[in-house]
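Here the protein sequences line up with chains A and B, keeping their order. Counting from 1 along the first sequence, just add 31 to a position and that's the residue number in the numbering used here. Counting from 1 along the second sequence, just add 57 to a position and that's the residue number in the numbering used here.
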Amino acid sequence: MIDKPHVDWFAISPSLALLIAAGMLLMIAVFVPAGPRRAVAACTGFAGFVAAFVFAVVVDVKSPVATTIVHDSLFRDRWAALAQVLIAGSGAVAVLVSYRERLRDEHIAEYFALLTAAGAGMAFFVQASNLMTLFLGLEWFSIALYVLTAIDIDLIGSLEAGLKYLVVGAFGSATLLFGSALVYGETGQLSFDKIGSYGHGHASMLVVGLAMILVGLAFKASAAPFHMWTPDVYQGAPTPVTAFMASATKIAALVVTYRVLAVAFPQDEHLWRYAIAVIACISLAWGNLAALVQRNVKRILAYSSVSHAGFMLIAVAAASPLGERALMYYLIPYAAMSLGAFAVVAARERELGVPVTLQNLAGFGWERPLLGVSMWIFLLGMLGFPLTGGFIGKFYVFAAAYNHGFWWLIVAGVIATMISAYYYLGVVRAMYFRDAAELQLAPAGGSPPRELLLGLGVLICVAVTVGSFFAVQPLIDVARSAAAALPL
Amino acid sequence: MASWLTTILILLPLGGALLVAVAPLTSYWLGSLAALISLIEVGFWITSASKFDFNSPALQFAQNRQWFSDLGVSYHIGQYAFSLWFVGMTVVVMAACTIYGWWAGRERGRAYFALMLFLTGAIVGVFTAQDLLLFYAFFEAMLIPLYILIGVWGGSNRMRATITFVVYTVVGSLLMLAAIVVLGLQQGTFDLTKMGTSSSTWLFLGFVVAFAIKSPLFPLHGWLPITYRESPPEVSAVLSGVVGKAGLYGLLRIVIPTFPTVAHDWRYVLLVLASISLVYGSLLAFRAPDFRGVVLYSSLAQAGLIVLGLFAFNDLGFDGAVLQIVNHALVSAALFLLAGMVERRTSTGEFARLGGMARGRPALATLVMTTGIIALAVPLSTSFAGEFLILAGVFRQGWAWAVIGAAGIVLAAMYMLRAISGVLHQEPGPAVTDAALDLRLGELAVVVPLVLCLLGLSAWPNLVSGHAFGGNRALTQVITPTGGYLTTTLGQSGQWTRYAP
């Protein structure tokens, strides 16, 4: 007779809500006729994400003390719950952005099913408290994302991107698995706490395992030099999928990276601090320099997401209560900005029917004032300008780095921001300083579609981006209580 | 109520910008709405000036709300006497420029007027913020509308102008951000009024470079020529008249009180750079081939002169610097607007193609002449009072500085007279036809108030210079009680030179 573990269903309710939605969506794919299928599927997906959002908020409120559940395989704490809130929010906006995407109608329900399944995987992943659940969660959302990337078979490059993501992503997962095996081999333990309290913290096998786990997670966070897949996949994937990946995957990967390092490897702190700091510097340098020469807006944003991984890793490297707050705070406006920016790109893409480049953005700001101003806000936020949360996020990250004595990371971040001004403002320049007429852009057919849902999604992103600038104190309080769950 | 005045001065234009951005009106009516809001803003400033207690050195109309506590950042605003004058020149110049944009009928009025109002709010915020991070937020926020204003409504070479402008400004301000983070965490608060002093040379340099770029000071003025030439004239007026003053304000409000000893140790470096800016800027202005070139290089020279006054480290220098900042804001705004009016009539600003515009255009001739004469600091003008105070102040640092300053004033006479005669006198140039009319009523309504302000100040310069630091106390005593260095080295020697009728 095998002992059945006690299952705290409430604590895993965000994942369950999304899983149920995914299951319902697969049913919808079969039973709902093609006519209303898109609307029904989108509603169900949206409802799933909203339910997960609400559950995660409730779990957050009701878990002031961090515990482990289901035989110590998952955490129930505010660190995970807050990340789930952000992931579910990103997913809900991604559904709004996806609604009018030119996907074949016969696969639309499967599309939303995969999106919710990926969300469920991420929600599970951020709760992981041992190496098994860690790998399980990683593969769960990764497999969903591989298919999502390649789902639009009409889109040139989508299949290629999917394949590339699959191969590189599988390599990353394999590295993580190998690292986990080494760690298990040395310590004989799976759960993070017990690995953390292992006596010989500097055993070579443990350190190598740590390094490999770090590499596997860095692949998912698309931190340089493990970012090679990012620009191609972001460019090739359907834009709403890119939006979801850029925000939700980044949240999940960074939150988990910090948790694994802080809980499972506190003895090797002095090692991983510097490793992360170096990865952060490489990401900042590579992401920003490579973005300078791009013409495709999705590639620019992809490289910008690499550089943002660098910024957030500065907070990880400065592992401290301030660094934890900085990381959690930074993720909030960052998720909104990248979702919103890709949503605006999606709108332009649907208007023109071709990939969006700096060239064919011309005049966009004047033609679609709301989307133009929103894009402007997102780019300023990524650049770290005031009146957006991006500014406060950078400020917090720098403060965390300074508090730990990593002043050279501030220097790296400042130089990276200087470089990034060129390409972020380059997009603004493309939108506003030239007329569409002088480039004679032909619209893809008829007048541009007015998309209420996409506009709503963009407005939510604007509200979060700007609102996080003014409402710093409540957000920091939330981040502080989330960070209280962690040992460092 | 009175404590809300500063907040109102910041929020009224920002809210106005939002209103203009969404109001369902035509471009013309949006312009009139923006003009009305900018005039109401002036009205609020006059109200605050009338309620201001000039005898008190304290922060007035202050509000302090916590923004986020763990790093000690707050929404803390308020005005010292000199801030009041800076805000005053801002709202006056911005109102003139907004109305000029309305009169000139800028295309895409909704965006244009919203950005002008947003810019007004941001600049007022810079001059009133008492928290370093808040200051930085406003300082950066100024860049957002300027970037679009230059890039969309600028001249043919505007793309390069925006890139040059942004690269310089962003580099400077990010250095300042790094310095702010470190300084604030070292001090445990970002509140300028609670902050002690620091003796870190690196932090000092971070701030000074940012402010020297903005002011601008030699050798960080590389963005100046192309930006001022390619901007629309009223944006050039704002840039030179008000935005550049944010850098000088930063030196006065942040650098000198926070780094008194470092600033004192580095004063010769700053004085030398200021002197080079003064002489080199004047020479460039003398050789500039166009009207705007003269005005823009003269702003470099004037920034140098003002920095001479600031780093004289005495009452005379500080009073003179504040007066001269206000003077130059009005003078350069008026001159850039006049240059724009000349360009509008002749589609060129080059002296080779201009000339003889005085004949048959009495209003233009009078205004260019009056503003030019004030700019070259003729005795009895307010610029003369300001420059005299600065020279008398810097004389105490060493007579040689005063000699350089005096040479700069002579050069000012040379370039300004050359500009006046190049536009107004001599034979009519090829670009000047009979179709170029005299100033219209709308243009007069914009420039005449600026000139009247200058004439009023000429009659009573002590209004600003005598009421800049509340009860004639030394600067650091006013701003922070802990920065005691200057107060001990200063006497009451400033009394007799108060230039007042």
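Glycine is no exception: its CB is placed at the ideal position from the N, C-alpha and C atoms. Everything numeric in this text was worked out from a predicted model, so none of it was measured.
If we define contact as Cβ-Cβ less than 8 Å, is residue i a contact residue for chain A?
{"i": "Leu-206(B)", "result": "no"}
{"i": "Trp-124(B)", "result": "yes"}
{"i": "Asp-495(B)", "result": "no"}
{"i": "Thr-219(B)", "result": "yes"}
{"i": "Ser-266(B)", "result": "According to the sequence displayed, residue 266(B) carries Val and not Ser. Cβ-Cβ to chain A under 8 Å: no for Val-266(B)."}
{"i": "Val-127(B)", "result": "Residue 127(B) is actually Asp in this sequence, not Val. Chain A contact via Cβ: present."}
{"i": "Glu-197(B)", "result": "yes"}
{"i": "Met-51(B)", "result": "Chain B is shown from 58 up to 558; residue 51(B) falls before or after that span and cannot be answered."}
{"i": "Ser-131(B)", "result": "no"}
{"i": "Ile-180(B)", "result": "no"}
{"i": "Pro-538(B)", "result": "Confidence at Pro-538(B) is low in this model, with a pLDDT of 39, below 50, so the placement of that residue is unreliable and no value is reported for it."}
{"i": "Thr-64(B)", "result": "no"}
{"i": "Val-183(B)", "result": "no"}
{"i": "Asn-529(B)", "result": "Interpretation of Asn-529(B) is limited by its pLDDT of 48, a score under 50 that renders its predicted location unreliable; the figure taken from the coordinates is listed afterwards. For Asn-529(B), the answer is no, since every Cβ of chain A falls outside 8 Å of its Cβ."}
Looking at the structure shown, is residue i part of a helix, part of a strand, or coil, going by DSSP?
{"i": "Tyr-137(B)", "result": "coil"}
{"i": "Asp-521(A)", "result": "Outside the shown range of chain A, which is 32 to 519, sits residue 521(A), and nothing can be said about it."}
{"i": "Arg-324(B)", "result": "helix"}
{"i": "Trp-456(B)", "result": "helix"}
{"i": "Val-130(B)", "result": "strand"}
{"i": "Trp-397(A)", "result": "helix"}
{"i": "Ser-560(B)", "result": "The requested residue 560(B) is not part of the displayed model; chain B covers only 58 to 558."}
{"i": "Trp-517(B)", "result": "coil"}
{"i": "Leu-134(A)", "result": "coil"}
{"i": "Glu-197(B)", "result": "helix"}
{"i": "Ala-378(A)", "result": "helix"}
{"i": "Leu-105(A)", "result": "strand"}
{"i": "Thr-403(B)", "result": "helix"}
{"i": "Gln-120(B)", "result": "strand"}
{"i": "Thr-318(B)", "result": "helix"}
{"i": "Thr-597(A)", "result": "An answer regarding residue 597(A) cannot be provided, because it is not within the stretch 32 to 519 covered by chain A."}
{"i": "Thr-388(A)", "result": "strand"}
{"i": "Ala-415(B)", "result": "coil"}
{"i": "Ala-125(A)", "result": "helix"}
{"i": "Phe-41(A)", "result": "coil"}
Take the Cβ of residue i as the centre, count every other Cβ of all protein chains shown within 10 Å, and call the residue buried at 16 or more, exposed below.
{"i": "Ser-235(A)", "result": "exposed"}
{"i": "Met-343(A)", "result": "buried"}
{"i": "Met-259(A)", "result": "exposed"}
{"i": "Thr-490(B)", "result": "exposed"}
{"i": "Ala-463(B)", "result": "exposed"}
{"i": "Arg-416(B)", "result": "exposed"}
{"i": "Trp-49(B)", "result": "Since the first residue of chain B shown is 58 and the last is 558, residue 49(B) is not available in this structure."}
{"i": "Thr-273(A)", "result": "buried"}
{"i": "Tyr-204(B)", "result": "buried"}
{"i": "Glu-335(B)", "result": "Note on identity: in this sequence residue 335(B) is Leu, with Glu being the wrong assignment. It counts as buried."}
{"i": "Lys-302(B)", "result": "buried"}
{"i": "Val-61(A)", "result": "exposed"}
Counting only beta-carbon separations shorter than 8 Å, does residue i have a partner in chain B?
{"i": "Met-462(A)", "result": "no"}
{"i": "Met-58(A)", "result": "no"}
{"i": "Met-449(A)", "result": "yes"}
{"i": "Gln-504(A)", "result": "yes"}
{"i": "Val-445(A)", "result": "yes"}
{"i": "Ile-441(A)", "result": "yes"}
{"i": "Ile-507(A)", "result": "yes"}
Kindly list, in the order they appear in chain C, the residues whose Cβ is closer than 7 Å to that of residue i.
{"i": "Val-223(B)", "result": "No chain C is present in this structure, whose protein chains are A and B."}
What residue ranges within the segment 212-289 of chain B form continuous beta strand (DSSP E) runs of no fewer than 3 residues, ordered along the chain? Runs found: none.
Identify each residue in the segment 417-435 of chain A for which the Cβ-Cβ distance to at least one residue of chain B is less than 9 Å, and report them in chain order. The residues in question are Pro-417, Leu-418, Phe-422, Ile-423, Lys-425, Phe-426, Tyr-427, Phe-429, Ala-430, Ala-432, Tyr-433, Asn-434.
Using a Cβ cut-off of 9 Å, which residues of the segment 285-311 of chain B contact any Cβ in chain A, in chain order? Per Cβ criterion, the list is empty.
Taking only beta carbons into account, state which residues of the segment 396-412 of chain A come closer than 9 Å to chain B, listed in chain order. Listed by position along the chain: Gly-396, Trp-397, Pro-400, Val-404, Trp-407, Leu-411.
Mind listing, in chain order, the continuous alpha helix (DSSP H) runs of no fewer than 4 residues lying wholly within the segment 154-217 of chain A? Entirely contained in the segment 154-217 of chain A, the alpha helix (DSSP H) runs reaching 4 residues are, in chain order, 162-180.
Check each residue of the segment 347-362 of chain A: if its Cβ is closer than 8 Å to any Cβ of chain B, include it; give the result in chain order. So the list reads Leu-353, Arg-356, given in the order they occur along the chain.
Report the start-end ranges of each beta strand (DSSP E) in the segment 350-391 of chain B that is 3 residues or longer and not cut off at the edges. Runs of the beta strand (DSSP E) inside the segment 350-391 of chain B: none found.
Between the segment 307-324 of chain A and chain B, which residues of the former have a C-beta closer than 8 Å to a C-beta of the latter? Result list empty, no residue passes.
Give the list of continuous alpha helix (DSSP H) stretches no shorter than 4 residues that lie fully inside the segment 214-290 of chain A. For the segment 214-290 of chain A, whole alpha helix (DSSP H) runs of length 4 or above, ordered along the chain, are 223-227, 235-252, 260-267, 270-275, 281-290.
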